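Colleague: Numbering (this note's numbering), first residue to last: 3 to 168.
Note that the Cβ used here is the ideal one computed from N, Cα and C, for glycine as well.
As the structure is a prediction and not an experimental result, all values here were calculated from the model.
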């Protein structure tokens, strides 16, 4: 996607366009606010685990988070989605891990901890920021492509009367 964005930058502004488009994508990904995990998890019907609910799992998450070098353990949310699924979410210092009831039901406690450890590794290595950057690049590429099509369509009348050549 970065290559496509760079290519569009080249078409619009040459080498300078490449630098500006890639720099703009990085700045947007870094500065645009991302929604709070708690807000969008609750909007999807998820609820945080209570302090003593699945206590062994929460204790394991706290231990794994400490071992991973995270300042504090992420909040675990029970997400009402079909199928065994788990995912990580973060915004600034707020981190959360969502798990589905079927994941907790189908896997052994040891397997659930392994899945949570995998999600913690995403948080530890800032994978979600990289995914935000990729999404920002995708949106910029799409926007630049749309602008290109609009400019092409607006130039058709001028091409037909001979005012402009390609």
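Suppose you measure from the CA of residue 151 to the CA of residue 11; what does that come to, to the nearest Å?
Modeller: Cα to Cα, residue 151 sits roughly 14 Å from residue 11.
Colleague: Please determine, among 18, 21, 17, 29, the residue with the shortest C-alpha to C-alpha distance to residue 136.
Modeller: The shortest Cα separation from residue 136 among 18, 21, 17, 29 belongs to 29.
Colleague: Cα-Cα, which of 88, 82, 107, 77 is closest to residue 117?
Modeller: Ranking the options by Cα distance to residue 117, first place goes to 88.
Colleague: My output table needs one value for residue 24: the three-state DSSP class, helix, strand or coil.
Modeller: Here residue 24 sits in helix by DSSP.
Colleague: With H, G and I counted as helix, E and B as strand and the rest as coil, what does DSSP make of residue 55?
Modeller: Three-state DSSP puts residue 55 in coil, outside helix and strand.
Colleague: How about residue 111 and residue 58: do their beta carbons lie closer than 8 Å?
Modeller: Yes, they are a contact pair.
Colleague: Helix, strand or coil for residue 149 per DSSP?
Modeller: In this structure, residue 149 counts as helix in the three-state DSSP scheme.
Colleague: Return the CA-CA distance between residue 166 and residue 160, expressed in angstroms with no decimal places.
Modeller: If you take the alpha carbons of residue 166 and residue 160, they lie about 6 Å apart.
Colleague: From the DSSP output, in three-state form, read off residue 77 for me.
Modeller: Strand.
Colleague: Please report the Cβ distance between residue 124 and residue 70, rounded to the nearest whole angstrom; I am assuming they are in contact, meaning their Cβ atoms lie under 8 Å.
Modeller: Going by Cβ atoms, the distance from residue 124 to residue 70 rounds to 10 Å, so no, they are not a contact pair.
Colleague: Locate the beta strand (DSSP E) running through residue 101, then write down its first and last residues.
Modeller: Residues 96-101.
Colleague: Quick one, are the C-beta atoms of residue 72 and residue 126 less than 8 Å apart?
Modeller: Yes, Cβ-Cβ distance for residue 72 and residue 126 is below 8 Å.
Colleague: Please check the pair residue 77 and residue 98, which I expect to be a contact at CB under 8 Å, by giving their CB distance rounded to whole angstroms.
Modeller: With a Cβ gap of about 5 Å, residue 77 and residue 98 count as contacting.
Colleague: Are the beta-carbon atoms belonging to residue 105 and residue 84 less than 8 Å from one another?
Modeller: No, Cβ-Cβ distance for residue 105 and residue 84 is not below 8 Å.
Colleague: Does residue 93 come out as helix, strand or coil in the three-state DSSP assignment?
Modeller: Note: residue 93 maps to strand in three-state DSSP.
Colleague: Here's the rule I'm using: 16 or more other beta-carbon atoms within 10 Å means buried, otherwise exposed. How should residue 55 be labelled?
Modeller: Label assigned to residue 55: exposed.
Colleague: Check whether the Cβ atoms of residue 48 and residue 82 sit closer than 8 Å, and answer yes or no.
Modeller: Contact: yes.
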